[in-house]
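Asks: Here you go, one structure.
Residue numbers (our numbering): 153 to 371.
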């Protein structure tokens with residue numbers, strides 16, 4: 153329960169959850185180092201290709217050695233076998249694009265935070281019934297901030313984090329937080345294909361610092 157609360161508190165304090173996947177494990181490590189240097193204390197690596205599991209194990213060891221205060225979770229977990237494998241590999245939390253009660257059971261068994269993806273009030277209710285405290289609204293750009301404003305009062309005490317298409321612009325970030333989100337998930341708008349392909353670590357550092365400042369101002 154201790155790590156579950158710590159991860160949730162870190163996401164809420166940070167106001168954002170960076171997430172990415174890249175096939176090259178060395179580039180992935182440099183991305184993580186850059187995010188950490190910029191002030192990131194919790195982040196998600198996504199299970200989006202066959203290399204993800206082997207990469208995660210290597211990255212987990214590096215995080216433990218170099219960044220012991222960084223919470224390192226796994227995303228895009230859709231079934232129980234993926235959940236168990238990544239928990240065994242040291243995932244600090246689990247993020248999912250959908251609601252799978254079996255995945256929630258794995259997280260709860262290991263006292264880890266489970267963040268399921270939802271897009272409708274029925275899905276949000278189902279996630280809540282299965283023990284979710286933080287809901288990933290996905291894809292965020294498909295529903296917009298008005299959706300959060302409309303459903304938040306129906307689910308008092310539940311926390312929301314839109315992910316997908318969140319723009320790193322003051323007006324967009326402000327709109328989401330004004331609507332009542334507790335954090336935003338940032339993938340390709342922060343860790344873009346250009347950054348990954350061309351190893352633009354200095355740009356990522358600057359963009360991450362700016363994103364943290366932008367979010368802090370909107371919270």
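Backbone N, C-alpha and C fix where the C-beta goes; we use that ideal spot for every residue, glycine too. Values in this document were obtained by computation on a predicted structure and should not be read as measured data.
1) Which residues in the same chain as residue 275 place their Cβ atom closer than 7 Å to its Cβ, once the five residues preceding and following it in sequence are excluded?
2) Under three-state DSSP, which class holds residue 178?
3) What's the call for residue 360, buried or exposed, on a 16-neighbour Cβ count within 10 Å?
4) Considering only residues of the same chain and omitting the five flanking positions on each side of residue 295, which have a CB-CB separation below 8 Å?
5) Does the beta-carbon of residue 228 have 16 or more other beta-carbons within 10 angstroms, so that it is buried, or is it exposed?
6) Report yes if the CB atom of residue 376 is closer than 8 Å to the CB atom of residue 243, and no otherwise.
7) What is the DSSP secondary structure of residue 379, counted as helix, strand or coil?
8) Near residue 206, which residues of its chain fall below 8 Å by C-beta distance, leaving aside the five closest residues on each side in sequence?
9) Using a 10 Å radius around the Cβ and a threshold of 16 neighbouring Cβ atoms, would you call residue 302 buried or exposed?
10) I want to know whether the segment 314-326 touches the segment 353-367 - three or more CB-CB distances under 8 Å.
11) Taking all protein chains shown into account, do 16 or more other C-beta atoms lie within 10 angstroms of the C-beta of residue 162, making it buried, or fewer, making it exposed?
12) Just to confirm, is the Cβ distance from residue 357 to residue 201 under 8 Å?
13) Return yes when the Cβ of residue 259 is within less than 8 Å of the Cβ of residue 246, no when it is not.
14) The alpha helix (DSSP H) spanning residue 322 covers which residue range?
15) To test your reading of the DSSP string, which unbroken beta strand (DSSP E) runs of 3 or more residues are found completely within the segment 224-302?
16) Can you list, in chain order, the residues of its chain whose CB lies under 6 Å from that of residue 265, leaving out five sequence neighbours each side?
17) In whole angstroms, what separates the C-alpha of residue 212 from that of residue 168?
18) For residue 286 and residue 232, what's the separation of their Cα atoms in angstroms?
19) In whole angstroms, what separates the C-alpha of residue 219 from that of residue 334?
20) Using DSSP with H/G/I as helix, E/B as strand and the rest coil, what is residue 219?
21) Ends of the beta strand (DSSP E) at residue 338?
22) By a C-beta neighbour count over all protein chains shown, 10 Å radius and 16 as the cutoff for buried, is residue 165 buried or exposed?
Replies: In this structure, then:
1) Within the chain shown, residue 275 is the residue found at index 123, counting from 1. Excluding sequence neighbours, residue 275 sits near 251.
2) Taking the first residue of the chain shown as 1, we reach residue 178 at position 26. Residue state, collapsed to three classes: helix.
3) Counting from 1 along the chain shown, the entry for residue 360 is found at position 208. By the neighbour-count rule (16 or more Cβ atoms within 10 Å), residue 360 is buried.
4) Within the chain shown, the letter at position 143 stands for residue 295. Excluding sequence neighbours, residue 295 sits near 271, 289, 314.
5) Residue numbering aside, residue 228 sits at position 76 when the chain shown is read from its first letter. Burial call: buried.
6) Because the chain in this structure spans residues 153 to 371, residue 376 falls outside the shown range and cannot be described.
7) As displayed, the chain neither begins before 153 nor continues past 371, which places residue 379 out of reach and without an answer.
8) In the chain shown, the residue the question calls residue 206 occupies position 54. Taken in chain order, the residues that qualify are 177.
9) For the purposes of this step, residue 302 is taken as residue 150 along the chain shown, with counting starting at 1. Counting Cβ neighbours within 10 Å, residue 302 comes out exposed, since fewer than 16 surround it.
10) yes
11) Start at 1 with the first residue of the chain shown, and residue 162 comes out as number 10. Per the 10 Å Cβ criterion, buried.
12) By one-based count along the chain shown, residue 357 stands at place 205. By one-based count along the chain shown, residue 201 stands at place 49. In this structure, residue 201 does not lie closer than 8 Å to residue 357 by Cβ.
13) Your numbering for residue 246 matches position 94 in the chain shown. Your numbering for residue 259 matches position 107 in the chain shown. Contact: yes.
14) Within the chain shown, residue 322 is the residue found at index 170, counting from 1. Per DSSP, residue 322 belongs to the alpha helix (DSSP H) from 322-331.
15) 245-247, 265-267, 286-289
16) For the purposes of this step, residue 265 is identified with residue 113 of the chain shown, where counting begins at 1. The residues are 156, 159, 160, 245.
17) By one-based count along the chain shown, residue 212 stands at place 60. By one-based count along the chain shown, residue 168 stands at place 16. Between residue 212 and residue 168, the C-alpha separation is close to 21 Å.
18) For the purposes of this step, residue 286 is taken as the residue at position 134 of the chain shown. For the purposes of this step, residue 232 is taken as the residue at position 80 of the chain shown. When rounded, the distance between both Cα atoms is 20 Å.
19) Mapped onto the chain shown, residue 219 falls at position 67. Mapped onto the chain shown, residue 334 falls at position 182. Between residue 219 and residue 334, the C-alpha separation is close to 25 Å.
20) Sequence index remark: in the chain shown, residue 219 carries index 67 (1-based). Coil at residue 219, not helix or strand.
21) In the chain shown, residue 338 corresponds to position 186, counting from 1. Where residue 338 is concerned, the enclosing beta strand (DSSP E) stretches over 336-338.
22) Position 13 of the chain shown, counted from the first residue, corresponds to residue 165. Residue 165 comes out exposed.
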